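Quick note: to get my numbering, add 42 to the position in the sequence shown (first position is 1).
The beta carbon of each residue, even a glycine, is placed where N, CA and C say it ideally should be.
Here the structure is a predicted model, which is why all the values come from computation and not from measurement.
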Amino acid sequence: MSIYTTLDEYIREQHESYTLTIEDKDYEYYTTVTALKDGVKVAAISSQLLFDKYMEFDGDLPEDEIDSWFPGDIIVRIEQLNVYDSHRRDGIGTTLVNKLVDVMKKRGYNQFYLNAYPLGAISLTSLVGFYQKCGFRILLHQNHNVLMVKVI
């Protein structure tokens, strides 16, 4: 069940031939931006607010390095970006990332983190390149994934 505290929390807007919807659950704790084309879901990105940055990176980074990457307390973790195959390479993934960052920035959040790991046919190199084009920087290479950050 979705809980909305303001009218702006559920927004519909036209972006080229897609309709974007923004939905919050638990008062912004979880936010999802969905792209619809002709009323059908074709892509979505979701995020979660993190309130303990040290626990998130426990064992991966020392505390002083965590503080240097994330000077504030709250981090927006991008959980998942899914774009249906038939809509890849048309800009909707970039649009969703940028829209999520913009929405969260307007709410006062400026630190973003994600764990890039490929699913399906996309390579890790391509995925990291995509997020770099969206303004993310590499924080840490792990086995088959890359931790990335964007602070604005």
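Distance, residue j Cα to residue i Cα
{"i": "F112", "j": "K148", "result": "18 Å"}
{"i": "Y151", "j": "I120", "result": "13 Å"}
{"i": "D50", "j": "V143", "result": "Its pLDDT being 46, under 50, D50 is placed unreliably by the model, and the measurement read from it follows with that caveat. Their backbone Cα atoms lie some 15 Å apart in a straight line."}
{"i": "K192", "j": "V82", "result": "30 Å"}
{"i": "E98", "j": "I117", "result": "10 Å"}
{"i": "I53", "j": "A85", "result": "Confidence in I53 is poor, its pLDDT being 46 and thus under 50, which makes the residue's placement too unreliable to answer from."}
{"i": "I108", "j": "D80", "result": "43 Å"}
{"i": "L161", "j": "V125", "result": "11 Å"}
{"i": "F188", "j": "L156", "result": "According to the sequence displayed, residue 188 carries Val and not Phe. Cα to Cα, the separation comes out at about 8 Å."}
{"i": "T76", "j": "L138", "result": "8 Å"}
{"i": "M197", "j": "L182", "result": "No answer is possible for residue 197: the residues shown for the chain start at 43 and end at 194."}
{"i": "Y96", "j": "L103", "result": "9 Å"}
Short Cβ contact (8 Å threshold) for residue i with residue j
{"i": "T73", "j": "S89", "result": "yes"}
{"i": "F178", "j": "M190", "result": "yes"}
{"i": "L166", "j": "H186", "result": "yes"}
{"i": "L91", "j": "E105", "result": "no"}
Residue i - partner residues in DSSP beta bridges
{"i": "D66", "result": "T73"}
{"i": "V84", "result": "Answer is none; V84 lacks a bridge partner."}
Chain D within 8 Å of residue i, Cβ atoms only
{"i": "L182", "result": "The structure shown contains no chain D; it is built from a single protein chain."}
Member of the options whose CA lies at the smallest distance from the CA of residue i
{"i": "F93", "options": "D115, S110 and G101", "result": "D115"}
{"i": "C176", "options": "Q184, F154, D127 and A163", "result": "F154"}
{"i": "L78", "options": "I134, L123, G101 and D66", "result": "I134"}
Report task. Write down every uninterrupted run of the alpha helix (DSSP H) in the region 149 to 182 whose length is 4 residues or greater and which is fully enclosed by it, in chain order. Result -> 166 to 175
Query raised in the report: Quick one: complete beta strand (DSSP E) runs, 3+ long, within the region 88 to 151?
Result: 117 to 125
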